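Note that the protein sequences, when read in sequence, are chains B and W. Start counting the first sequence at 1; every next residue gets the next number (this note's numbering). Start counting the second sequence at 147; every next residue gets the next number (this note's numbering).
2 protein chains.
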Amino acid sequence: MDTPLTFSALVLALSGQLVQEIHDRVSQQGFHDLRPVHGFAFARISSGGATTADLAEHLGVTKQAAAQLVAELVGKGYVLRRAHPHDARARLLELTDDGRAATRAADQAAREAVAPWREELGEKRFGELVADLTRLAPRGPVRPSW
Amino acid sequence: MDTPLTFSALVLALSGQLVQEIHDRVSQQGFHDLRPVHGFAFARISSGGATTADLAEHLGVTKQAAAQLVAELVGKGYVLRRAHPHDARARLLELTDDGRAATRAADQAAREAVAPWREELGEKRFGELVADLTRLAPRGPVRPSW
DNA sequence: TCCATATAGACAAGCAAGCTGTCTATATAT
DNA sequence: ATATATAGACAGCTTGCTTGTCTATATGGA
């Protein structure tokens, strides 16, 4: 660690590689119209009870940006907007069958992308790595940030 | 690791936090006109012998994008373009005094941003973390990638 | 020496993904 | 009842890249 910037570059490169690999694998599964951010949107939507505003907060973007993203996903058939049971202003987001399939593909892709790391480090070290990251990572929106 | 996507989100969140913190500290030092990517540009330029094309490769962007970034940094007084000793087409990039000051500020900011991590994990675990990341990280351009 | 091909960088136009600002309808609290 | 806050839509703009094209210079082979 002669130059601490190198450490940042390392973490950055790693996350970039991870995102890229997952995206590539998802594309290979036939989902050519999805971008990495969609995976994180799916994750939030599939957890249930999400509105566009919730999604905006989860992704760390404005409501307008989230609304645009949702419109895109609706147009591509991955997401539905349903009436909200208790709030006539809001719309509940829900995955379609295609949306769930894409979510499974992303999950599988992530598993495959991480697998060589587990192998390279060994289960023990990998477990420690995950533990360390969990301790260090902030609770915040999922976002690439520059 | 019930859902491997969580791991990606973790790494992503971590790198995002890191970049953000460094950027905030650099801003606080008075460099309000710099973005995170500039730090990585400075790092490459200060290592010497960089042309715009070299910078493009280092950052993983097109030559045009790099040229635009260089023009911006020249305009702000952080970088100089000098004649290349052996190639009349090329221009050697060089940091000004301000550029070097910004580079030092970024380095210091990175050190400070990482310091609480070292403390949280302890030197031993932190060292292992760095070692693991070094093994896993690709040699590639520095880039946020989505 | 000449020519073909590659490279450095500038100029122009286009585009994707975010932003701010504004609006309506609905909810909530005083 | 009334004031304030929130969900989401619509419009227009900015930013940070992209592709495409051009000139000047370098380089390697006939």
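Backbone N, C-alpha and C define an ideal beta-carbon position, used for all residues, glycine too. As the structure is a computational prediction, the values presented were derived from the model and not from experiment.
inquiry  = According to DSSP, simplified to helix, strand and coil, what is A261 (chain W)?
reply    = helix
Nearest candidate by alpha-carbon position, reference P36 (chain B), set W:V220, W:W263, W:S154 = W:S154
N-terminal and C-terminal residue of the alpha helix (DSSP H) that L136 (chain B) is part of = 123-136
ask   = Would you report the Cα separation of R250 (chain W) and R227 (chain W), rounded to the nearest angstrom?
value = 21 angstroms
Where the beta strand (DSSP E) containing R228 (chain W) begins and where it ends = Per DSSP, R228 (chain W) belongs to the beta strand (DSSP E) from 225-229.
task = Put L180 (chain W) into one of helix, strand or coil per three-state DSSP.
result = coil
inquiry  = Taking beta-carbon pairs under 8 angstroms, can you tell me which members of the region 161-185 of chain W lie near chain B?
reply    = S161, G162, Q163, L164, V165, Q166, I168, H169, R181, P182, V183, G185
task = Count the other CB atoms, across all protein chains shown, that sit within 10 Å of the CB of A99 (chain B); report buried if there are 16 or more and exposed otherwise.
result = The displayed chain sequence assigns Gly, not Ala, to residue 99 (chain B). Burial call: buried.
ask   = Would you say K63 (chain B) and A71 (chain B) are within 8 angstroms of each other, going by their C-beta atoms?
value = Not closer than 8 angstroms, so no.
query = Using 8 angstroms as the limit for Cβ to Cβ distance, is E266 (chain W) near chain B?
reply = Yes, because at least one Cβ of chain B sits closer than 8 angstroms to the Cβ of E266 (chain W).
ask   = Apart from the five residues just before and just after V61 (chain B), which ones in its own chain have a Cβ nearer than 7 angstroms to its Cβ?
value = If we look at V61 (chain B) and ignore the five residues flanking it on each side, it has no Cβ neighbours.
ask   = To the nearest angstrom, how far is it from the Cα of T242 (chain W) to the Cα of A248 (chain W)?
value = 10 angstroms
query = Which residues mark the beginning and the end of the beta strand (DSSP E) in which R237 (chain W) is found?
reply = 237-241
ask   = Can you list the residues of chain B that A252 (chain W) reaches, using a CB-CB cut of under 7 angstroms?
value = L5
T62 (chain B), DSSP secondary structure in three states = coil
inquiry  = Using a 10 Å radius around the Cβ and a threshold of 16 neighbouring Cβ atoms, would you call D87 (chain B) buried or exposed?
reply    = exposed
key: G245 (chain W) in three-state terms, based on DSSP   = helix
query = Between G216 (chain W) and chain B, is there a C-beta pair that is closer than 8 angstroms?
reply = Per the sequence shown, residue 216 (chain W) should be read as Val rather than Gly. Taking Cβ atoms only, chain B never reaches closer than 8 angstroms to V216 (chain W), which makes this a no.
inquiry  = Could you give the first and the last residue of the continuous alpha helix (DSSP H) run that contains A159 (chain W)?
reply    = 150-174
Given Y224 (chain W) as reference, the closest of W:L180, W:V260, W:R235 once Cα atoms are compared = For Y224 (chain W), the nearest C-alpha among the options comes from W:L180.
request  = Compare the C-beta of R125 (chain B) with all C-beta atoms of chain W and state if any pair is closer than 8 angstroms.
outcome  = yes
ask   = If A43 (chain B) and L151 (chain W) are in contact, beta carbons under 8 angstroms, what's the gap, nearest whole angstrom?
value = 6 angstroms
request  = Determine the direct distance from the alpha carbon of Q174 (chain W) to that of Q20 (chain B), and round the result to whole angstroms.
outcome  = 33 angstroms
inquiry  = Could you tell me the alpha carbon to alpha carbon distance between L136 (chain B) and E266 (chain W), rounded to whole angstroms?
reply    = 8 angstroms
ask   = Any idea what DSSP makes of S288 (chain W), helix, strand or coil?
value = Note on identity: in this sequence residue 288 (chain W) is Val, with Ser being the wrong assignment. In this structure, V288 (chain W) counts as coil in the three-state DSSP scheme.
ask   = Which of the three DSSP states, helix, strand or coil, is assigned to S47 (chain B)?
value = If DSSP states are grouped into helix, strand and coil, S47 (chain B) belongs with coil.
request  = Could you list which residues in chain W have their beta carbon closer than 8 angstroms to that of L147 (chain B), in chain order?
outcome  = Because chain B in this structure spans residues 1 to 146, residue 147 (chain B) falls outside the shown range and cannot be described.
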